[in-house]
Amino acid sequence: MNEAAAGSWIYSRLGDDPDLGELVVEFVAELPGRIATLEAEASRNNWAQVTRFAHQLKGAAGSYGFDALTPYAKNLEAASRDDVDAENVLRTLHELIDICRRVRPGVPEPSRDSSWSFPS
Amino acid sequence: MSDLFVAPPKLLLVDDDPMIIRLLTRVIERSLAGEVEISSLSDPEAACQHLEQELVDIVVTDLEMPGVNGLEILACAKRWNPCTQVLFITGHTTLDALTEAMERGASDYLLKPLDHSEFLEIIREALGRCRRWRKALAWTLAARRRDSQASQVLSHAEGATL
């Protein structure tokens, strides 16, 4: 499936901010590293660290204008915090990974449809 | 007048996530350039040491951090300078944590994800309080100096007439 065509990329509402846009690019560039850390800690059943990094991502994602990520990071934080069910943690982790894969820096490029107008 | 009263207030950002520090530094710098001197630390233990060595007017700190948490940063800041204002930014809160922070002297509390306008608003409020306190302190010190000079003149005059 062509995700871009389906309009499923996720952009920050700060992507076109003249001062903060470059920080959004850095945040997106660091996201795979954050996810790799979460996966590594989860593979070691190190739930306290999973909670910590999920908590960080929850706070950072929304602050960088990626509000869509916040509930997924929050779910992972909650799942790994108390009475841990490993299967549930891994499920919420994969849901977070899936949505993080859709994150892009910058702003959406105008689609072909956006230039369409009513015929006169 | 002492540098204490003319230099921009000092603000320390403490968060174990360097990306949050980068973002908040930029948000403050672009709106309050020249009004505040910013430093930052992602190691909360180092932040406590910094507060023991430097006079800081405003501390903006995360609440939940590994090792030293935000409440300990607050205690550390208040121990060295009761006038230091501590503002919490946190992604996690309970009524108990909020109450405890306020009871221990936190000046404000903001939840993550951060609304940049709200964040700047609490920084501006803290800067306003800082300026008022500095003015009051400068006035008090000047009054004390005047009293001291007056008593010196008086005792000198008394000595001359004896």
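As they're listed, the protein sequences go chains B and D. Just so we're on the same page, the numbering used here is the position in the first sequence counted from 1, plus 1. Just so we're on the same page, the numbering used here is the position in the second sequence counted from 1, plus 1012. Ideal placement from N, C-alpha and C gives every residue a C-beta, glycine not left out.
By the 10 Å Cβ neighbour count, where 16 or more other Cβ atoms means buried, how is D:Asp1027 classified, buried or exposed?
Looking at its Cβ environment, which holds 16 or more other Cβ atoms inside 10 Å, D:Asp1027 is buried.
Please classify B:Val29: is it buried, with 16 or more other beta-carbons within 10 angstroms of its beta-carbon, or exposed?
By the 10 Å Cβ count, B:Val29 comes out buried.
CB-CB under 7 Å to B:Val85, same chain, minus the five flanking residues each way: which ones, in chain order?
Answer for B:Val85: Trp48, listed in chain order.
For a contact defined as C-beta to C-beta under 9 Å, what are the partners of B:Arg105 on chain D?
Near B:Arg105 there are no residues of chain D at all, since even the closest Cβ is about 17 Å away, more than 9 Å.
Are the C-beta of D:Leu1204 and some C-beta of chain B separated by less than 8 Å?
Within the shown structure, residues of chain D are numbered from 1013 to 1174, placing residue 1204 of chain D beyond reach of any answer.
Can you give me, in chain order, the residues of the stretch 14-39 of chain B that have a beta carbon less than 8 Å from any beta carbon in chain D?
Per Cβ criterion, the list reads Asp20, Leu21, Leu24, Glu27, Phe28 and Glu31.
If we define contact as Cβ-Cβ less than 8 Å, is B:Ser64 a contact residue for chain D?
So, interface residue.
Any idea what DSSP makes of D:Thr1102, helix, strand or coil?
In this structure, D:Thr1102 counts as strand in the three-state DSSP scheme.
Quick one: give me the first and last residue of the alpha helix (DSSP H) that B:Thr93 is part of.
Taken as a continuous stretch (DSSP letters only), the alpha helix (DSSP H) holding B:Thr93 covers Ala87 to Cys101.
Kindly list the residues whose CB is nearer than 8 Å to the CB of D:Glu1041, restricted to its own chain and excluding five residues on each side of it in sequence; keep chain order.
Correct list, in chain order: Ile1050.
Quick one: using the 10 Å Cβ neighbour count with 16 as the cut-off for buried, is D:Val1165 buried or exposed?
It is exposed - the Cβ of D:Val1165 has fewer than 16 other Cβ atoms within 10 Å.
Out of B:Pro106, B:Tyr73 and B:Ile11, point me to the one whose CA is closest to B:Val90's CA.
Checked all of B:Pro106, B:Tyr73 and B:Ile11; the closest Cα to B:Val90 is B:Tyr73.
Please look up how many angstroms separate the CB atoms of D:Ala1089 and D:Val1071, rounded, as I've assumed it's under 8 Å.
That pair is a contact at about 5 Å.
Under the three-state reduction of DSSP, which class applies to D:Tyr1121: helix, strand or coil?
Reduced to three states, the DSSP call for D:Tyr1121 is strand.
Quick check on DSSP: helix, strand or coil for B:Val108?
In the structure shown, B:Val108 sits in coil (DSSP, three-state: anything other than H, G, I, E or B).
Is it buried or exposed for D:Leu1067, if we count other Cβ within 10 angstroms and need 16 for buried?
When all chains shown are included, D:Leu1067 counts as exposed.
For B:Pro109, I'd like the list of residues in its chain whose CB is within less than 6 Å of its CB, leaving aside the five on either flank, ordered along the chain.
Within the same chain, B:Pro109 has close Cβ partners Tyr12.
Pull the bridge partners of D:Ser1129 from the DSSP assignment, please.
Its beta-bridge partners do not exist; DSSP assigns none.
Considering only C-alpha positions, which residue in the set D:Leu1149, D:Leu1153 and D:Cys1142 is nearest to D:Asp1069?
Cα-wise, what sits closest to D:Asp1069 is D:Cys1142.
Identify each residue in the stretch 1070-1100 of chain D for which the Cβ-Cβ distance to at least one residue of chain B is less than 7 Å, and report them in chain order.
Hits within the stretch, in order: Glu1076 and Pro1078.
B:Gln50 to D:Leu1075, Cα distance in whole Å?
About 16 Å.
Given this structure, state the Cα-to-Cα distance separating B:Trp10 from B:Lys59, to the nearest angstrom.
Distance between the alpha carbons of B:Trp10 and B:Lys59 is about 19 Å.
For B:Arg45, return the contacting residues in chain D, with the cut-off set at a CB-CB distance below 7 Å.
Neighbours of B:Arg45 on chain D: none; closest Cβ ~17 Å, over 7 Å.
Determine the extent of the beta strand (DSSP E) in which D:Ile1108 is found, giving its start and end residues.
Here the sequence assigns Asp to residue 1108 of chain D, which means Ile is not the residue at that position. First-last for D:Asp1108: Leu1107 to Glu1115, but that is the alpha helix (DSSP H), not the beta strand (DSSP E).
Tell me which same chain residues have a C-beta within less than 8 Å of the C-beta of D:Ser1054, skipping the five on either side of it?
These residues qualify, in order along the chain: Val1026, Asp1027, Asp1028, Asp1029, Pro1030 and Ile1033.
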